[in-house]
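Worksheet: one structure, shown below.
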Amino acid sequence: MNIYDLWFACVKISNKLKISILKKFKSTREVYIHSIYNDGFTFLRKSYPKIYDEFKKAWNSYELENMLQYCSTNGINAINFCDTVYPARLKNYEDSPAVLFYKGNIKKLNDNFSVSIVGARDCSLYGKNLATLISREVAVNNISVISGMARGVDSYAQSAAVEKNGYTCAVLGSGVDVIYPRQNRKLYESILKGGCVLSEFVPKTKPYPYNFPLRNRIISGLSDVVIVIEAGDKSGALITASCALEQGKDVMAVPGSIFSSKSRGTNKLIKDGAYVFTCLEDLFDILPVEYINKTCEKKHKLSCKEEKICSVIGHIPMHIDEISRTTNVDIKRLYELLFELQLKGEIMCLAGNYYVKAEGSESITR
0 MNIYDLWFAC
10 VKISNKLKIS
20 ILKKFKSTRE
30 VYIHSIYNDG
40 FTFLRKSYPK
50 IYDEFKKAWN
60 SYELENMLQY
70 CSTNGINAIN
80 FCDTVYPARL
90 KNYEDSPAVL
100 FYKGNIKKLN
110 DNFSVSIVGA
120 RDCSLYGKNL
130 ATLISREVAV
140 NNISVISGMA
150 RGVDSYAQSA
160 AVEKNGYTCA
170 VLGSGVDVIY
180 PRQNRKLYES
190 ILKGGCVLSE
200 FVPKTKPYPY
210 NFPLRNRIIS
220 GLSDVVIVIE
230 AGDKSGALIT
240 ASCALEQGKD
250 VMAVPGSIFS
260 SKSRGTNKLI
270 KDGAYVFTCL
280 EDLFDILPVE
290 YINKTCEKKH
300 KLSCKEEKIC
310 SVIGHIPMHI
320 DEISRTTNVD
330 IKRLYELLFE
340 LQLKGEIMCL
350 AGNYYVKAEG
360 SESITR
């Protein structure tokens, strides 16, 4: 990181104006030389005195040298809009961040297709399982997983990507050094082993509520497709979907029960024209990538209880209560076993706690 990127990030003018200035001078250092160092752009001082004042204020008011040392100590880097490694997908929008702070490997954001997986913080087991299953398959097919590391769907999706050694990027509504929620510290650290964490907010910025709608446009902007898994009618995931539509991105939504408050947002998205996500093939119909079910290529050894459960689940959806009665496995333990069977590619979970054999899921859900 250099002090000029840090300074430019602290200037309180719009990203649109910052980017137009950057495009003219090609680097934040050149902006500095032609403004602060040479006492300002002539046209800037005369035509836009308030903007010129913001340049000076940022240089004089912030403890830039101390912040630069802090960033160096904590492995925090920064890139500006004109850097070659700046995410290419974000360069198409006027309100993209002029400066991004990051930790980890940001270069890979430009290498592969990417999918953002977002949804309810207080998601159901159905939402958790879907986030895990989708993210796992996306990751093993060499597609990047983008999300916000929030509690619920975001965390489950990014954890699954990490477990499969896939690339995932967490876009934060705080500084990249501020872990939020705090209980996601292990996830944060595991993401940094192969992926990246990024933010447009300067380091040490707290996770203020008004930061999150801003960060959602970055989540959608970094993605080729946005998948929404469970969202209430006021969910932040709907803001991400709205941003995606404004950016011309494809939005997919997982249908849910009409009686569930967690499905009101996703069902409305579908009603308004979003793609319906019923199986992984739906996603790969949109992305120009050949889907290979790599998870199912390897045969997994099943335990006796797992074999018993698989023997009663067929091509017709079966409710978890019925599975429990038939197998004599209590519900709590059954949920764990069913989840393991999904991870092994043996069964699929449908809305309402119904399950079917994996090979029969397409004909049922389509």
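Per numbering that gives the first Met the number 0, residue 0 is the first one in the sequence shown, and the count goes up by one each step.
Every residue, glycine too, gets a C-beta built ideally from N, C-alpha and C.
Going by DSSP, Gly-126 is part of no beta strand (DSSP E) but of the alpha helix (DSSP H) stretching over 124–139. Following the DSSP letters along the chain, one finds Cys-309 in no beta strand (DSSP E) but inside the alpha helix (DSSP H) bounded by residues 303–311. Under the DSSP assignment, Val-224 falls in the beta strand (DSSP E) whose first and last residues are 224–228. Checking the DSSP bridge columns, you'll see Gly-118 partnered with Ile-228. Ala-273 sits in coil when the DSSP states are folded into three classes, being neither helix nor strand.
Restricting attention to Ile-238, Pro-208, Ser-158, the CA atom closest to the CA of Gly-220 is found in Ile-238.
Rounded to the nearest angstrom, the Cβ distance from Tyr-166 to Asn-111 is 7 Å, consistent with a contact under 8 Å. The way I'd put it, the segment 282–289 doesn't touch the segment 310–317; fewer than three beta-carbon pairs between them come closer than 8 Å. The alpha-carbon separation between Glu-245 and Arg-28 amounts to approximately 32 Å. As summarised for the segment 326–364, the continuous alpha helix (DSSP H) elements at least 4 residues long and confined to that stretch are 330–342, 360–364, given in chain order. Under the criterion of beta carbons closer than 8 Å, Ala-252 and Phe-276 qualify as touching, at roughly 6 Å. Non-local C-beta neighbours of Ala-87 in its own chain, meaning closer than 6 Å and more than five positions away in sequence, comprise Asn-109, ordered along the chain. Asn-79 sits in a strand when the DSSP states are folded into three classes. The C-beta separation of Gly-118 from Ala-130 comes to about 7 Å, placing the pair in contact by the 8 Å criterion. With fewer than 16 other beta carbons inside 10 angstroms of its own, Tyr-209 counts as exposed. For Met-317 and Ser-259, the gap between their C-alpha atoms comes out near 20 Å. Under DSSP, the beta-bridge partners assigned to Thr-167 are Val-144. Lys-102 is bridged by DSSP to Val-196. For Glu-162, the closest of Ile-190, Asn-266, Lys-17, Tyr-51 by C-alpha to C-alpha distance is Ile-190.
The beta carbon of Gly-194 is closer than 7 Å to those of Gly-103, Asn-104, Tyr-166, Thr-167, Cys-168 in its chain, skipping five residues each way along the sequence.
Residue pairing of His-318 in beta bridges, as defined by DSSP: Tyr-353. Taking the Cα positions, Gln-182 is about 13 Å away from Ser-158. Boundaries of the beta strand (DSSP E) harbouring Asp-249: 249–252, taken from the DSSP string. For the pair Glu-305 and Glu-280, the Cα-to-Cα distance works out to about 26 Å.
Using a 10 angstroms sphere on the CB of Lys-205, the tally of other CB atoms stays under 16, which defines it as exposed.
In this chain, Thr-204 is not harboured by any alpha helix (DSSP H), its DSSP state being neither H nor E. Ser-26 carries a coil assignment under DSSP once its states are collapsed to helix, strand and coil.
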